[in-house]
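Down below is the structure, laid out as structure tokens.
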Amino acid sequence: MEISHQGRKEHDRDTDPTGSEIDQQRWFDKLATAFTLSLSLGCAGTEEISERQVEQQIRAEVRQQINEKWDELREDAARGAQWYARENLPAIYRADREIIAQAVMDDLIAREFLAISPERIREVIADLDPDPEFLRIKQMKESTVRLKVKDETGSGVIIYSGPDAEGKYLSVVLTCNHVVDAALTDETLLNKGIETTIYRNGGTETVYADIISVRENNDLALLTIREERPIPDPTPCFLPHDKLGCIREGTKIATYGAQLGVEPFLSDGAITIMNHHKNGRSFNMVSAPTYMGNSGAGIWHFIPVGEEKVPLGFYVGTYSMIYTNGIRSTPVPHMGLSVPPEKVYDFLAESGLVPDAETLSLKSLDPSLLRISRAENPPADKTPPTHETSDDIETR
């Protein structure tokens, strides 16, 4: 097969897996190297280098480059695993590192080292040594769920996931009472469970959760999910009670919820008013923009830990409602009200959920300690209150 100088360049443009002009030029340089090699082997004069010889030479060079890059990836993974372990971050990150490393090796083997692009290598390196923003988003996204009761949607946060005494896996979801209270007056819905969408590894899974505990006066509720297999566990940490003083006006926060019923997403802001009283209840006002559907979403504060300043997410409130303004009750997105962390932590303690003093998480929870309480909700023959006033509205 005869390949002209210009024709080969066009062929490279079609078959080069990287697609960029710079990488195409590098690919053509490999061809020139292979041609030079062929001359040294006696393929000189008017003889044309065969396409097979070109491909073999390119294949050998690419294989060598990928092998060198793989050695670098393994070294990066080893270094990263050490500092992950040092800082006692959730095991999900170490597991992700192993999964990615295995996926890279599988990809190299399956494609025989020829089809992996520089862009893919950069992507893998970014995942093996993720930046702080990547870790911050991951913690919030993978612990946030979307809840649906009848035609209304809200949000929730998985605060615990682990084995139970029956050999299944129990996960606990924290949300707002008003997100799920309609189910307490609907026996069919109560028996079926609350439709819960979990977001993991770019996909979704729908399960059904049982209501185990509610507090109408603080607008809080707990749900449980029991599955045959575990839910990955990037659950939030909890500040010790004596450290809650670090949460004050101006503290940077983030919320991650299913606003308007769509897939959960991020809103950044700050605590603007502490202990704001509304309808006989105390709230913290936050500036993170929000809309309907964010009720039950977590309020997160991130603290950088270790020399690498890895962000560790702490749960510092539950999003409850949004201010409205004027006769037509227009929502004001940057004036949201959240249940303060003290009230959230007290509610968890009343339900048997006490964070471990060392890990600041619920990882060591004994599921048998969970206490069921629905005493504060109205009896089944009454309609739950709407909780709406002239200047605020819940964001279910």
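Under my numbering, residues 635 to 1030 are what the sequence shown spells out, in order.
Every residue, glycine too, gets a C-beta built ideally from N, C-alpha and C.
The segment 846–857 makes no contact with the segment 886–906; the number of CB pairs closer than 8 Å stays below 3. It is roughly 16 Å from the alpha-carbon of G836 to the alpha-carbon of R770. In this structure, Y957 lies away from N928, with their beta-carbon atoms at least 9 Å apart.
Collapsing the DSSP output to three states places R770 in a helix. The closest CA to that of E984, considering only L856, G930 and K912, is found on L856.
By a beta-carbon distance limit of 8 Å, V791 contacts G932. Their separation comes to about 4 Å.
One Cα belongs to Y794, the other to R915, and the distance between them is close to 27 Å.
Judged by beta-carbon spacing, F768 lies beyond the 9 Å limit of F872, meaning their Cβ atoms are not closer than that value.
DSSP places A983 inside the alpha helix (DSSP H), whose first and last residues are P975 to E984. With 16 or more other Cβ atoms inside 10 Å of its own Cβ, G970 counts as buried.
Residue environment analysis places I905 among the buried positions, since at least 16 neighbouring C-beta atoms fall within 10 angstroms of its C-beta. Runs of the beta strand (DSSP E) lying entirely within the segment 926–962, each at least 3 residues long, are 932–939 and 944–959 in chain order.
Around A843, the same chain offers V807, G827, I828, T830, L857, T858 and I859 as residues with beta carbons nearer than 7 Å, after the five sequence neighbours per side are excluded.
According to DSSP, residue pairing for V806 in a beta bridge involves Y794 and T858. For H875, no beta strand (DSSP E) encloses it, and the DSSP letter there is neither H nor E. Among the bridge pairs identified by DSSP, G788 is matched with L781. Spanning the alpha carbons of T838 and I832 requires a straight line of approximately 6 Å.
Per DSSP, reduced to three states, the secondary structure at G827 is coil, with no helix or strand assignment. Cβ atoms of R863 and E776 stay farther apart than 8 Å, at about 16 Å. Measuring C-alpha to C-alpha distances from L999 to each of K912, A799 and R882 identifies A799 as the nearest.
Of the candidates F899, V920, N913 and L900, the residue whose Cα lies closest to the Cα of I907 is V920.
Take L994, set aside five residues on each side of it, and the residues of its chain with a beta-carbon closer than 8 Å to its own are C871, F872, L873, P874 and F948, in chain order. For V814, there is no enclosing beta strand (DSSP E); the residue is found in the alpha helix (DSSP H) stretching over N811 to V814.
Where G884 is concerned, there is no enclosing beta strand (DSSP E), because DSSP gives it neither an H nor an E. Judged by DSSP in its simplified three-state form, L900 adopts strand.
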